[in-house]
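> Quick one: the structure is below, and I'll ask about it shortly.
2 protein chains.
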Amino acid sequence: MRIALDAFGGDNAPQVNVDGAFLALKEFQDLEILLVGREEDLKPLIKESPETSRISIVDAREVFPMSEKPSLLLRKKETSLYKAAIQVKDANADALVSAGNTGGVLAAALFVVGRIKGVDRGAIAVLVPSKNGFTILIDAGANAEARAEHLRDFGTMGYEYAKLLGREKPKVGLLNVGEEQEKGTELTKLAFDYLKNDLGDSFAGNVEGRDINYGDVDVVVCSGFDGNIAMKTMEGTGKLISATLKKEIKKSGLYGIIGALFLKRALGRLKKTMDPSEYGGAFILGVKGAVVKAHGNSNALAIKNAIRVAYQGVKGDLIKKLEEKLGGK
Amino acid sequence: MRIALDAFGGDNAPQVNVDGAFLALKEFQDLEILLVGREEDLKPLIKESPETSRISIVDAREVFPMSEKPSLLLRKKETSLYKAAIQVKDANADALVSAGNTGGVLAAALFVVGRIKGVDRGAIAVLVPSKNGFTILIDAGANAEARAEHLRDFGTMGYEYAKLLGREKPKVGLLNVGEEQEKGTELTKLAFDYLKNDLGDSFAGNVEGRDINYGDVDVVVCSGFDGNIAMKTMEGTGKLISATLKKEIKKSGLYGIIGALFLKRALGRLKKTMDPSEYGGAFILGVKGAVVKAHGNSNALAIKNAIRVAYQGVKGDLIKKLEEKLGGK
């Protein structure tokens with residue numbers, strides 16, 4: 003299996019990208035990685051090791067800036083992101099991983115790699131921490147607006163992705179303002195019927211905001227607008243709790259210092275549970291290749307985890323399964 | 003000033019309602035309270051005290067159930083909720099406070115007390131904890147769907163409410179998926195223009211989910227659908243963090259016990275900061291009277307805080323200000 007890594011995407015590129023690539027190569031013996039980016043910058047970063055034979059460089063002269071307008075990607079054919087996507091389109095690689103500009107990665111997925119025929123909209127599937135380990139939130143922001151047919155397709159994509167990640171009988175919920183079928187908007191009422199029809203008993207009906215982090219479903223389906231609001235609300239709540247706890251510990255003087263010392267490991271593990279980089283990347287679903295977006299400020303571990311997510315997707319034939327279920331509808 | 007309290011609304015009624023009423027009467031010397039509910043049940047709960055002269059009972063034979071369909075309120079004219087609302091409609095009271103069925107309280111506000119002329123939709127304004135103390139989220143769930151004109155009115159309502167609560171120059175943000183003006187849906191783009199036009203420099207532009215708990219604006223405007231999703235997402239995140247912290251403390255054995263003991267006060271204050279009942283009730287804005295909904299499982303302190311919110315609203319002439327700004331448009 004071969005994965006194309008955008009070696010210049012992300013805030014800490016290219017060092018952490020190369021380091022992450024080596025971590026992944028160590029973990030997966032049947033993996034090859036194409037590092038896409040300026041050859042003269044990448045070569046010095048590749049140290050001789052047992053994994054070196056499974057890494058190669060695809061030269062790309064430019065970097066797609068983190069704050070660039072996503073649509074400009076299609077005109078910037080010398081960027082590492084574009085060239086990495088072309089590797090997938092040309093079947094020279096099975097997957098694309100990038101920590102670059104989110105909108106740019108989305109454009110690369112939808113317009114360079116290309117949508118699965120019959121799929122109207124791609125979607126971003128993100129793993130968020132939950133009491134069961136993780137919940138898949140889909141769409142986490144690919145499309146601001148969604149129609150009921152899109153939410154239906156997101157349900158099928160999320161279901162297959164959950165199976166790939168080891169959930170045996172995934173339960174899919176529709177994000178809404180109450181559990182009763184008649185709750186919500188015209189959009190959610192229609193999507194409810196569609197999801198019920200396509201997913202049968204795997205559709206758990208409506209779920210609420212609290213079920214994203216603390217519910218029983220494996221997948222939460224929503225528009226990209228609501229997925230973005232929910233993701234960033236979680237981030238804000240986490241920040242507020244963390245800042246308030248720090249302030250209160252400080253206020254407690256010596257007691258606070260002693261207590262914090264004794265709880266150092268517990269607080270560290272809490273932080274790890276809530277840290278998005280532990281969960282690998284966001285899978286862009288609905289396209290003809292495995293495309294994974296890692297967080298912009300990824301470290302080497304986060305890059306490795308994003309590569310792992312792409313690796314699992316390819317191994318589990320996720321794209322083929324989605325093509326069978328959604329293709330040509 | 004006279005406030006009508008639905009003495010039988012809420013999970014712990016009527017005991018905590020009566021206790022909360024007395025706490026409020028002690029705090030505000032110019033306050034009178036009408037306890038609305040079954041006279042024979044309420045009388046034994048009223049103990050002789052200096053405040054007793056400022057409390058009276060309005061008899062109502064029925065209770066509007068917590069899980070009843072809200073629209074049925076208009077047919078249940080003997081319920082304590084309906085009768086409390088009638089007190090405001092008939093100008094026998096300045097405000098209504100209830101911990102009962104949320105949809106029922108909303109129906110009482112919109113259809114018994116009645117909307118301000120020119121206001122198309124009422125909205126629920128909730129105070130959520132934030133790094134500046136609190137942020138006003140409006141609409142927290144009165145209307146699932148909203149048009150741009152509604153979001154514009156919510157902006158003005160939120161602005162006036164923030165001023166009432168002591169923010170001198172309130173900043174109002176529109177909940178969206180990015181800060182740039184062109185982000186979001188057709189709805190947010192149009193609402194952006196309307197809000198800019200009505201609020202001028204007080205409109206801070208688009209804000210994101212993370213700004214609800216951890217931003218710089220005083221007011222966050224959104225549809226009731228998104229407000230509900232955001233509120234409940236916060237709840238889920240808080241629950242997950244709390245459960246994970248408990249689990250990790252337990253896992254840490256003796257270290258965990260000692261650490262938790264030393265941090266007892268800090269953790270207690272953190273809990274208090276994140277506790278919605280500390281923030282009083284949700285103000286239902288856009289109606290011709292001060293209507294405040296307290297949390298269903300309110301204790302006496304939460305009832306008192308909800309009465310305080312209504313008291314402040316009446317003192318600060320909030321309804322008159324909204325009538326001047328929005329009335330007859």
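Chains H and R supply the protein sequences, listed in that same order. According to my numbering, the residues represented by the first sequence are 3 to 331, in order. According to my numbering, the residues represented by the second sequence are 3 to 331, in order. In this text, a Cβ means the ideal position worked out from N, Cα and C, and glycines have one as well.
Out of H:Leu-166, H:Gly-288 and H:Ser-132, which has the shortest C-alpha to C-alpha gap to H:Val-219?
Reading the first sequence from its first residue, position 217 is the one you call residue 219 of chain H. Out of H:Leu-166, H:Gly-288 and H:Ser-132, H:Ser-132 has the C-alpha closest to the C-alpha of H:Val-219.
> I need the boundaries of the beta strand (DSSP E) containing H:Ala-206, first residue and last residue.
For this step, residue 206 of chain H is matched to residue 204 along the first sequence. Its beta strand (DSSP E) spans residues 205-209.
> Distance cutoff 8 angstroms, beta carbons only. Does H:Met-276 sit that close to anything in chain R?
In the first sequence, the residue the question calls residue 276 of chain H occupies position 274. For H:Met-276, the answer is yes, since a Cβ of chain R falls inside 8 angstroms of its Cβ.
> Would R:Val-289 count as contacting chain H if we go by Cβ distances under 8 angstroms?
The residue you call residue 289 of chain R lines up with position 287 of the second sequence. Chain H, which has no Cβ nearer than 8 angstroms to the Cβ of R:Val-289, makes this no.
> In chain R, what lies closer than 8 angstroms to H:Asn-215 by C-beta?
One-based indexing of the first sequence puts residue 215 of chain H at position 213. Neighbours of H:Asn-215 on chain R, chain order: Thr-235, Gly-238, Thr-239, Lys-241 and Leu-242.
> Check the C-beta distance from H:Ser-82 over to H:Ala-109 and give it rounded, since I have them as a contact under 8 angstroms.
Residue 82 of chain H sits at position 80 when you count from the first residue of the first sequence. Residue 109 of chain H sits at position 107 when you count from the first residue of the first sequence. Rounded, the Cβ-Cβ distance is 14 angstroms, inconsistent with contact.
> What residues are listed by DSSP as bridge partners for H:Pro-131?
By one-based count along the first sequence, residue 131 of chain H stands at place 129. Answer is H:Phe-136, bridged to H:Pro-131.
> Mind checking H:Asn-199: buried by the 16 CB within 10 Å criterion, or exposed?
Looking up residue 199 of chain H in the first sequence gives position 197. H:Asn-199 should be labelled exposed.
> Along the chain, where does the beta strand (DSSP E) that runs through R:Asp-8 open and close?
Position 6 of the second sequence, counted from the first residue, corresponds to residue 8 of chain R. Counting along the chain, the beta strand (DSSP E) containing R:Asp-8 begins and ends at 4-8.
> So, with DSSP's three-state summary, where would you put R:Glu-188?
The residue labelled residue 188 of chain R in the question sits at position 186 within the second sequence. Three-state DSSP puts R:Glu-188 in a helix.
> How would you label H:Leu-256, buried or exposed, when you count the other beta carbons within 10 angstroms and need 16 or more for buried?
Against the first sequence, residue 256 of chain H aligns to sequence position 254. Counting Cβ neighbours within 10 Å, H:Leu-256 comes out exposed, since fewer than 16 surround it.
> Going by the DSSP bridge assignment, what does R:Gly-39 pair with across the sheet?
Within the second sequence, residue 39 of chain R is the residue found at index 37, counting from 1. Its beta-bridge partners are R:Asp-61.
> Are there 16 or more other CB atoms within 10 angstroms of the CB of R:Gly-168, so buried, or fewer, so exposed?
The count along the second sequence starts at 1 and reaches residue 168 of chain R at position 166. It is exposed - the Cβ of R:Gly-168 has fewer than 16 other Cβ atoms within 10 Å.
> List, in chain order, every chain H residue whose beta-carbon is nearer than 8 angstroms to that of R:Gly-258.
As a position in the second sequence, residue 258 of chain R is number 256, starting the count at 1. What R:Gly-258 touches in chain H: Phe-264, Leu-265 and Ala-268.
> At 7 angstroms on the CB atoms, spell out the chain R contacts of H:Pro-131, in chain order.
Counted from its first residue, the first sequence places residue 131 of chain H at position 129. Those within 7 angstroms of H:Pro-131 in chain R are Leu-242.
> Does H:Phe-227 get closer than 8 angstroms to chain R when you measure Cβ to Cβ?
Along the first sequence, read from residue 1 onward, the residue named residue 227 of chain H stands at position 225. Taking Cβ atoms only, chain R reaches closer than 8 angstroms to H:Phe-227, which makes this a yes.
> Which of helix, strand or coil does DSSP assign to R:Arg-123?
Position 121 of the second sequence holds residue 123 of chain R. Coil.
> Please name the residue or residues paired with R:Leu-287 in a DSSP beta bridge.
Within the second sequence, numbered from 1, the residue matching residue 287 of chain R stands at position 285. R:Ala-125.
> Going along the segment 156-184 of chain H in order, which residues come within less than 9 angstroms of chain R, judged by CB to CB distance?
Leu-177, Asn-178, Val-179 and Gly-180
> Starting from the N-terminal side, write out each stretch of the beta strand (DSSP E) that is 3 residues or longer and does not extend beyond the segment 210-261 of chain H.
221-223
> Since H:Ala-97 sits in a beta bridge, which residues does DSSP pair it with?
Along the first sequence, read from residue 1 onward, the residue named residue 97 of chain H stands at position 95. Looking at the DSSP assignment, H:Ala-97 forms a beta bridge with H:Ile-5 and H:Ala-292.
> Are R:Leu-153 and R:Val-223 touching if we call contact CB-CB under 8 angstroms?
Stepping through the second sequence from its first residue, residue 153 of chain R is reached at position 151. Stepping through the second sequence from its first residue, residue 223 of chain R is reached at position 221. Contact flag set, yes.
> Roughly how many angstroms lie between the CA atoms of R:Thr-333 and H:Gly-207, to the nearest whole one?
Outside the displayed range of chain R (3 to 331) lies residue 333 of chain R, so it cannot be described from this structure.
> Under a CB-based cut-off of 8 angstroms, is H:Arg-402 close to chain R?
With chain H represented from 3 up to 331, any question about residue 402 of chain H goes unanswered, as that position is not in the structure.
> Confirm, please, whether the CB-CB distance from H:Arg-123 to H:Gly-288 is below 8 angstroms.
Taking the first sequence and counting its residues from 1, one reaches residue 288 of chain H at position 286. Taking the first sequence and counting its residues from 1, one reaches residue 123 of chain H at position 121. Their beta carbons are under 8 angstroms apart, which means H:Gly-288 touches H:Arg-123 by this criterion.
> What distance in whole Å lies between the Cβ atoms of R:Phe-205 and R:Gly-282, which are believed to be in contact at a cut-off of 8 angstroms?
Here residue 282 of chain R corresponds to residue number 280 of the second sequence, with the count starting at 1. Here residue 205 of chain R corresponds to residue number 203 of the second sequence, with the count starting at 1. About 26 angstroms; that fails the 8 angstroms criterion.
> Which residues mark the beginning and the end of the alpha helix (DSSP H) in which R:Leu-1 is found?
Beyond the ends of chain R as shown, which are 3 and 331, falls residue 1 of chain R; an answer cannot be given.
> Going straight from the alpha carbon of R:Lys-252 to that of H:Gly-135, what length do you get?
Numbered from 1 along the second sequence, position 250 holds the residue referred to as residue 252 of chain R. Numbered from 1 along the first sequence, position 133 holds the residue referred to as residue 135 of chain H. Each residue's Cα considered, the two are about 18 angstroms apart.
> What does the alpha-carbon distance come out to for the pair R:Pro-172 and R:Lys-165?
The count along the second sequence starts at 1 and reaches residue 172 of chain R at position 170. The count along the second sequence starts at 1 and reaches residue 165 of chain R at position 163. Cα to Cα, the separation comes out at about 7 angstroms.
> What is the rounded straight-line gap between the Cα of H:Val-294 and the Cα of R:Asn-215?
The sequence position of residue 294 of chain H within the first sequence is 292, counting from 1. The sequence position of residue 215 of chain R within the second sequence is 213, counting from 1. Whole-angstrom Cα-Cα distance: 29 angstroms.
> With a threshold of 16 other CB atoms inside 10 Å of the CB of H:Pro-46, please say whether the residue is buried or exposed.
As a working mapping, residue 46 of chain H is identified with position 44 in the first sequence. With fewer than 16 other Cβ atoms within 10 Å, it is exposed.
> Could you check the C-alpha separation between R:Ser-1 and R:Gly-175 for me, to the nearest Å?
The requested residue 1 of chain R does not occur in the structure, where chain R is confined to residues 3 to 331.
> Can you tell me where the alpha helix (DSSP H) holding H:Val-316 begins and where it ends?
Taking the first residue of the first sequence as 1, we reach residue 316 of chain H at position 314. Where H:Val-316 is concerned, the enclosing alpha helix (DSSP H) stretches over 302-317.
> Run through DSSP, which three-state label would R:Leu-320 get?
Against the second sequence, residue 320 of chain R aligns to sequence position 318. Helix, per DSSP.
> Would you tell me roughly how many angstroms separate the C-alpha atoms of R:Met-159 and H:Glu-250, rounded to the nearest one?
The residue you call residue 159 of chain R lines up with position 157 of the second sequence. The residue you call residue 250 of chain H lines up with position 248 of the first sequence. Each residue's Cα considered, the two are about 34 angstroms apart.
> Taking only the alpha-carbon atoms, compute the straight-line gap between R:Ala-125 and R:Phe-285 and give it to the nearest angstrom.
Translated into positions along the second sequence, residue 125 of chain R becomes position 123. Translated into positions along the second sequence, residue 285 of chain R becomes position 283. For R:Ala-125 and R:Phe-285, the distance between alpha carbons rounds to 8 angstroms.
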